[in-house]
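Peer 1: Mapping of the sequence shown onto this note's numbering: residues 5 to 194, in sequence order.
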Amino acid sequence: MTGFDTAAELGPRLGDVAGVREFLRRFAHAWGDGALVDLGVPERDGDVVVVHHADPMIAETRWGIPLDAADLPDPPVVIDTGSGWRPYLDRLSLALVDLALTAVIQEHDERLCNACELPSETAMAAFSRVPLPDLPMWIDVEESPVRWWSRPGLLLRTHGDGGVWLWASAQTNADLETLYAAFPAVQWSV
Numbered sequence: 005m006t007g008f009d010t011a012a013e014l015g016p017r018l019g020d021v022a023g024v025r026e027f028l029r030r031f032a033h034a035w036g037d038g039a040l041v042d043l044g045v046p047e048r049d050g051d052v053v054v055v056h057h058a059d060p061m062i063a064e065t066r067w068g069i070p071l072d073a074a075d076l077p078d079p080p081v082v083i084d085t086g087s088g089w090r091p092y093l094d095r096l097s098l099a100l101v102d103l104a105l106t107a108v109i110q111e112h113d114e115r116l117c118n119a120c121e122l123p124s125e126t127a128m129a130a131f132s133r134v135p136l137p138d139l140p141m142w143i144d145v146e147e148s149p150v151r152w153w154s155r156p157g158l159l160l161r162t163h164g165d166g167g168v169w170l171w172a173s174a175q176t177n178a179d180l181e182t183l184y185a186a187f188p189a190v191q192w193s194v
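Take a look at the structure:
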């Protein structure tokens, strides 16, 4: 069985909300229920409808939709990391993709995950860039930008521009071994 390739699956579906919805369905099927985004019950905070909260053990972060844009088919998303609402992404569908990918990095089977720090010049040439824009790191803006990468069976997130942190989730042990082979000189966390 060939692993799920996030970049290849998302690219042709980015153009519309229905395509992104289909990507999210396929992504959750491939990576398990941990990839489902729980939006919970929306709540109002001034001029924003709050649609998602980060795990409070990680960060006090909330994602929302400005009320004046809530009737749009794919409204922009704002984020509050404790210092007020600021723009995050221009489309809710893209924010949902980012949240689903983040769920796999943070909640996936710990035996199939690892992390390391890489020098900024380390090439990611063996991986395809997931077609999302550079994102702010919502835990600590100084660790921005967040970029997503993949190849069949592997999902990777990098953040930072100087020393880059790499977080990875694999679908199988064999996929994890291909990750280690791609970065032979790296000291992994686990």
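Built from N, CA and C at the ideal position, the CB exists for glycine as well.
1) Assess, as a yes-or-no matter, whether the region 172-180 is touched by the region 155-162 under the definition of 3 or more beta carbon pairs within less than 8 Å.
2) If you compare alpha carbons, which of Pro135, Asp138, Ser132, Thr126 is closest to Gly167?
3) Bridge partners for Asp49 per DSSP, in chain order?
4) Once you ignore the five residues that flank Arg30 on each side, which residues in its own chain have a CB closer than 7 Å to its CB?
5) Our contact map puts Leu136 next to Leu98 with C-beta atoms below 8 Å; I'd like the distance itself, whole angstroms only.
6) For Ile109, which residues does DSSP report across the bridge?
7) Between the Cα of Asn177 and the Cα atoms of Pro140, Ala186, Cys117, which residue gives the shortest distance?
8) Would you call Thr10 buried or exposed, if buried means 16 or more other Cβ atoms sit within 10 Å of its Cβ?
9) When we look at the beta-carbon of Ala189 and count the other beta-carbons within 10 Å, is it buried (16 or more) or exposed?
10) Secondary structure at Gly86, three-state DSSP: helix, strand or coil?
11) Leaving out five residues on either side along the sequence, give the residues of the same chain with a beta carbon under 8 Å from the beta carbon of Pro123.
12) Put Ser154 into one of helix, strand or coil per three-state DSSP.
13) I'd like the span of the alpha helix (DSSP H) that includes Gly23, first residue to last.
14) What's the gap between the Cα of Gly68 and the Cα of Phe131?
15) Could you tell me whether the region 17-36 touches the region 95-113, using the rule of 3 or more Cβ pairs below 8 Å?
16) Determine the extent of the beta strand (DSSP E) in which Leu71 is found, giving its start and end residues.
17) Per DSSP, what are the beta-bridge partners of Thr162 in this structure?
Peer 2: Let me lay it out:
1) Three or more beta-carbon pairs drawn from the region 155-162 and the region 172-180 are found closer than 8 Å, and the two stretches are therefore classed as touching.
2) The residue you call residue 167 lines up with position 163 of the sequence shown. Residue Thr126 is the option with its Cα nearest to Gly167.
3) As a position in the sequence shown, residue 49 is number 45, starting the count at 1. The partner list for Asp49 (beta bridge, DSSP) reads Val52.
4) Taking the sequence shown and counting its residues from 1, the one referred to as residue 30 is at position 26. The answer, listed in chain order, is Glu13.
5) Translated into positions along the sequence shown, residue 136 becomes position 132. Translated into positions along the sequence shown, residue 98 becomes position 94. Right, their Cβ atoms sit about 6 Å apart.
6) Walking along the sequence shown from the start, residue 109 turns up at place 105. Ile109 is not bridged to any residue.
7) Sequence index remark: in the sequence shown, residue 177 carries index 173 (1-based). Asn177 has its Cα closest to that of Cys117, out of Pro140, Ala186, Cys117.
8) Sequence index remark: in the sequence shown, residue 10 carries index 6 (1-based). Result: buried.
9) Residue 189 sits at position 185 when you count from the first residue of the sequence shown. With fewer than 16 Cβ atoms within 10 Å of its Cβ, Ala189 is classed as exposed.
10) Taking the first residue of the sequence shown as position 1, residue 86 is located at position 82. It is coil, neither helix nor strand.
11) The count along the sequence shown starts at 1 and reaches residue 123 at position 119. Answer for Pro123: Gly167, Val168, listed in chain order.
12) Stepping through the sequence shown from its first residue, residue 154 is reached at position 150. Ser154: strand per DSSP, three-state reduction.
13) By 1-based counting over the sequence shown, the position of residue 23 is 19. Looking at the DSSP string, the run of the alpha helix (DSSP H) that includes Gly23 is 21-35.
14) Counting from 1 along the sequence shown, the entry for residue 68 is found at position 64. Counting from 1 along the sequence shown, the entry for residue 131 is found at position 127. Their Cα atoms are separated by approximately 31 Å.
15) Taking 8 Å as the limit for Cβ pairs, the verdict is that the region 95-113 does touch the region 17-36.
16) Your numbering for residue 71 matches position 67 in the sequence shown. Run containing Leu71: none; DSSP gives neither H nor E here.
17) By one-based count along the sequence shown, residue 162 stands at place 158. Answer is Arg151, Leu170, bridged to Thr162.
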